[in-house]
Amino acid sequence: MEGNLVNVFLLYYIINSYSTRAQVCQQGRGNMQIAFTADTHLASDQKHPERENALREILKVIADQNIQILIIAGDCFDRDFTNILPLEVIVKETKSDDLMIYLLPGNHDESIKQSFFSLSNIRVIETTSIEIIAGKKFLFVPYKNGRSMGEEIGRFENELKGESWILVGHGDLSSYSAAGTQYEPGMYMPLSKRDLNLFKPSLCLMGHIHKPIQEKNIYYPGSPCGLDITECGRRRIAILDIDNMQLKSQTIETEVIFLNESILITPSDDEIQQVGKEIDHLFEPYYPAEISKIKLRLNLFGYSFNRSTLVKNLEVFLKEKYGLKNCEIFSDEVQPANEDFVRQQISEKTINFINELDFGDGGEKKNQVMKEALKLIFGGRS
Numbered sequence: 002m003e004g005n006l007v008n009v010f011l012l013y014y015i016i017n018s019y020s021t022r023a024q025v026c027q028q029g030r031g032n033m034q035i036a037f038t039a040d041t042h043l044a045s046d047q048k049h050p051e052r053e054n055a056l057r058e059i060l061k062v063i064a065d066q067n068i069q070i071l072i073i074a075g076d077c078f079d080r081d082f083t084n085i086l087p088l089e090v091i092v093k094e095t096k097s098d099d100l101m102i103y104l105l106p107g108n109h110d111e112s113i114k115q116s117f118f119s120l121s122n123i124r125v126i127e128t129t130s131i132e133i134i135a136g137k138k139f140l141f142v143p144y145k146n147g148r149s150m151g152e153e154i155g156r157f158e159n160e161l162k163g164e165s166w167i168l169v170g171h172g173d174l175s176s177y178s179a180a181g182t183q184y185e186p187g188m189y190m191p192l193s194k195r196d197l198n199l200f201k202p203s204l205c206l207m208g209h210i211h212k213p214i215q216e217k218n219i220y221y222p223g224s225p226c227g228l229d230i231t232e233c234g235r236r237r238i239a240i241l242d243i244d245n246m247q248l249k250s251q252t253i254e255t256e257v258i259f260l261n262e263s264i265l266i267t268p269s270d271d272e273i274q275q276v277g278k279e280i281d282h283l284f285e286p287y288y289p290a291e292i293s294k295i296k297l298r299l300n301l302f303g304y305s306f307n308r309s310t311l312v313k314n315l316e317v318f319l320k321e322k323y324g325l326k327n328c329e330i331f332s333d334e335v336q337p338a339n340e341d342f343v344r345q346q347i348s349e350k351t352i353n354f355i356n357e358l359d360f361g362d363g364g365e366k367k368n369q370v371m372k373e374a375l376k377l378i379f380g381g382r383s
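Residue numbers (the numbering used here): 2 to 383.
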């Protein structure tokens, strides 16, 4: 009799458990969302706890929005090592057992394997393969040294032809940059315009480039935690609504916000006020709580009546107004200027004119033109 009761109880538990999971899946189909990130660069040496905390924040955001799938498109780990403890510890402590994590190897962790992990909700995509997720066809392309993205996609051309499919890969966008970044110089497993025209993915979710990029159907979320001073501003992840294929960015709170800004100095009696306005404008988008997290590098260029005094006043300004200490201020490109009223007036009008022009490159060409213009007015080295 007791045995029968136990069997009945077990049967009830199994049916109830299955029914609950089915209800969750059915609800998910109504408004299915997938979270997407890359380049978390977790380290095993505890030197970068801010990166681990960024992942914790991602898992919190995912839980708050009841998202049940996370894709990490390469470089989850900073170096190719077998100690995957940081990821498993974070998943356990955030109670993310119901979250399915798809892990794509990148150029920093090319050799990670499924066998490294003890958690059943972490899936490592070791080879290029098609996965059906929420009824959509995904092609996962892990990083392979010496291969291009197109070569790997081409292996599945017949299976993808004429269908809607989503590419998940780790590599460069060849039309974006051939120079790489300070953190990762060079070109890695490029995705070309020819690949896009030939294979026609509906959407490309990419890792490797740490700067957020969105070009038509190509999306790089960027690293969710800035790794160095060149990775500036707020960080984010992507959230894909699988039903309508709409992609949105979700800001992630991080422990540090890097800002790296070049500021033109024109000689005047109020040089510090001039720079102060530029910094106020730079900080304007950030909340007070965010400003306290900022690590700032200022690259000053142009001409000054007194460079030493300018830098000292700038340090005081940053400390007193924004509470920032130990900012990096580079002033090697600030040259001395004679107190010549006529040249000063000419420089002001020239800079105002240049500011009205559209150089379309984020400011690099404009800064170079300003440098050359001021050199003609005040003289000095290039």
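In this text, a Cβ means the ideal position worked out from N, Cα and C, and glycines have one as well. Please read these numbers as outputs of a predicted model, since none were measured by experiment.
Item, Value
"Kindly indicate the opening and closing residues of the beta strand (DSSP E) around H171.", "W166 to H171"
"Grouping DSSP H, G and I as helix and E and B as strand, with all else coil, what is D65?", "helix"
"By the three-class DSSP mapping on this structure, what secondary structure does T38 have?", "strand"
"To which residues of the same chain is R22 closer than 8 angstroms at the C-beta, ignoring the five residues directly before and after it?", "For R22, the pLDDT reaches just 36, beneath the cut-off of 50, and the residue's location in the model is therefore unreliable, although a value from the coordinates is still provided. So the list is empty, once near-sequence residues are dropped."
"Look at the alpha carbon of D76 and the alpha carbon of D40, and state the distance between them as a whole number of angstroms.", "5 angstroms"
"By the three-class DSSP mapping on this structure, what secondary structure does V343 have?", "helix"
"According to DSSP, which residues form a beta bridge with E329?", "R298"
"Ignore the nearest five residues each way along the sequence and tell me which others in E254's own chain have a CB closer than 6 angstroms to its CB.", "E58"
"Smallest Cα separation from I264: which of A64, Q251, K372 and R195?", "K372"
"So A374 is in the alpha helix (DSSP H); what residue range does that whole segment cover?", "E365 to F379"
"Would you kindly work out how many angstroms separate the C-alpha atoms of F404 and I243, rounded to a whole number?", "The structure shown has nothing for residue 404, since the chain only spans 2 to 383."
"With DSSP as the reference, label S130 as helix, strand or coil.", "strand"
"Please go through the segment 189-276 and give each complete beta strand (DSSP E) segment of 3 or more residues, from N-terminal end onward.", "204-208, 214-216, 219-221, 236-242, 247-253 and 258-266"
"Less than 6 angstroms between C-beta atoms, sequence neighbours within five positions excluded: which residues of the same chain meet that for G170?", "V142, M150 and M207"
"Sort I292, V312 and K296 by Cα distance to V276 and report the nearest one.", "V312"
"How far does the alpha helix (DSSP H) with M150 in it reach, from first residue to last?", "M150 to G155"
"Determine the contact status of N54 and E216, defining contact as a CB-CB distance below 7 angstroms.", "no"
"Could you give the DSSP three-state label for K313: helix, strand or coil?", "helix"
"Just the C-alpha distance for F302 and K367, rounded to the nearest angstrom, thanks.", "13 angstroms"
"Tell me the rounded alpha-carbon separation between L375 and T351.", "9 angstroms"
"Kindly confirm or deny that the segment 217-235 and the segment 111-123 touch, where touching means at least three C-beta pairs closer than 8 angstroms.", "no"
"Quick one: using the 10 Å Cβ neighbour count with 16 as the cut-off for buried, is M190 buried or exposed?", "buried"
"What span of residues does the beta strand (DSSP E) with I73 cover, start to end?", "I70 to A74"
"Using 8 angstroms as the threshold, is the segment 276-290 in touch with the segment 339-348, meaning 3 or more CB pairs across them?", "no"
"Is DSSP giving E334 helix, strand or coil here?", "strand"
"For I280, does the three-state DSSP call read helix, strand or coil?", "helix"
"Let me know the secondary structure DSSP gives Y304 once reduced to three states.", "strand"
"In three-state DSSP terms, what is Y323?", "helix"
"Measure the Cβ-Cβ separation of I238 and P213 and say whether it is below 7 angstroms.", "no"
"Specify the secondary structure class of F318 as computed by DSSP and reduced to three states.", "helix"
"Kindly indicate the opening and closing residues of the beta strand (DSSP E) around L174.", "That residue, L174, is in no beta strand (DSSP E); it is neither H nor E in DSSP."
"Which residues does DSSP pair with L140 in a beta bridge?", "I131 and L168"
"State the beta-bridge partners of R52 as determined by DSSP.", "Beta-bridge pairing links R52 to no other residue."
"Just to check my reading of the structure: F259 and L299 have Cβ atoms closer than 8 angstroms, yes? What is that Cβ distance to the nearest angstrom?", "With a Cβ gap of about 12 angstroms, F259 and L299 do not count as contacting."
"Roughly how many angstroms lie between the CA atoms of E321 and I292, to the nearest whole one?", "13 angstroms"
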